[in-house]
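Enquirer: Handing you a structure now.
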Amino acid sequence: MGHGFGRKGRYVRDVLVENTQIANADLGVFAYATADGVMLHGNSFSAVKSPLGGRACRRPT
Amino acid sequence: MSKAYVTPTERAEALQVSLQSLIASLGVKGDPMQWPEVAAALGALAKAPSGSPEDTQLQGVALRAALARVAKAKPEGLPLAAVAQTLGLSVRMPWESPSHVHLQNRPTGGPSALDLIVTASLPLGEPIPLTAEAEVPKTPAGWASQLSAPVELSDKARRS
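Chains S and Y are the protein sequences, given in the same order.
The opening position of the first sequence corresponds to residue 1 in the working numbering, with each subsequent residue numbered one higher.
The opening position of the second sequence corresponds to residue 62 in the working numbering, with each subsequent residue numbered one higher.
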């Protein structure tokens, strides 16, 4: 195929990440660009190098 | 809603934690929230609508302000590994680099050049002066390396 996994469509949709505590980590919440409808609310981060990762997190629309 | 929605407060807090983690890992003293220009940008970011142009701009302002402080505290430069995650920096060797061809077609060795591409995936709002310098701390037996001059990074790369 030559196109990796041949991704089509969305893998994940309508996700709520709420009231979590993430500490002492390199990465917090990572959402791939293929994720659709991810809502983050009330989460706290402590000593996390990259609390929000992935294109979906960085480019909300 | 499409893609991800992060509340403005949470987005500002995430950036604050990221900056705190960065300066701690670099051994720079201080707290970004004690730096007025950074604190102001983070405060405004916490009130900006998520995903708005203002949101993106303020993230860039906070990042650039923090970077300026860090650069002043560490004039000798910053290791890529330390800042890569915070700034979304990555480094790779392009396939068209002469090194690939030379490594395969020169069994007896010889000089070659190693090209590296450094990219940043975070929107900084406007170009910031970054200079990259590569070093090879340890080479295999019989190998020799020569450093190139520091190279200024361009902001002309494609933005995707």
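Note that beta-carbon positions come from the ideal geometry of N, C-alpha and C, so glycine has one too.
1. Using the beta-carbon count (16 or more within 10 Å), is Y:K199 buried or exposed?
2. Just to confirm the assignment, what range does the alpha helix (DSSP H) spanning Y:R72 have?
3. Can you say whether Y:E74 is buried or exposed, counting buried as having 16 or more other CB atoms within 10 angstroms of its CB?
4. Going along the chain, which residues of the segment 37-59 of chain S sit with their C-beta nearer than 9 Å to a C-beta in chain Y?
5. Report, in whole angstroms, the separation of the C-beta atoms of Y:V144 and Y:L103, which I expect to be a contact under 8 Å.
6. Counting only beta-carbon atoms, is Y:E71 nearer than 7 Å to chain S?
7. Cα separation between Y:P159 and Y:Y66?
8. So which residues on chain S does Y:Q146 lean against when the C-beta distance must stay under 9 Å?
9. When burial is assigned at 16 or more other CB atoms within 10 Å of the CB, is Y:E71 buried or exposed?
10. Nearest chain Y C-beta to S:H3 closer than 7 Å, yes or no?
11. What would DSSP say about Y:S160, mapped onto helix, strand or coil?
12. Per the DSSP calculation, Y:Y66 is bridged to which residue(s)?
13. Could you tell me the boundaries of the alpha helix (DSSP H) in which Y:L128 lies?
14. Among Y:A127, Y:L148, Y:K133 and Y:A181, which has the Cα closest to the Cα of Y:S100?
Expert: Considering the structure as presented:
1. With fewer than 16 other beta carbons inside 10 angstroms of its own, Y:K199 counts as exposed.
2. P69 to L87
3. buried
4. Here the close residues are G37, V38, M39, L40, H41, G42, N43, S44, F45, S46, A47, V48, K49, S50, P51, L52, G53, G54, R55, A56, C57, R58 and R59.
5. Rounded, the Cβ-Cβ distance is 18 Å, inconsistent with contact.
6. yes
7. 43 Å
8. D26, L27, K49, S50 and G53
9. Per the 10 Å Cβ criterion, buried.
10. Residue placement at S:H3 cannot be trusted, given a pLDDT of 48 that sits under 50; what the coordinates show is reported in the next sentence. For S:H3, the answer is no, since every Cβ of chain Y falls outside 7 Å of its Cβ.
11. helix
12. The partner list for Y:Y66 (beta bridge, DSSP) reads S:M39.
13. Element bounds for Y:L128: P114 to A134.
14. The residue you asked about is not Ser; residue 100 of chain Y is Ala in the sequence shown. Considering only alpha carbons, the answer is Y:A127.
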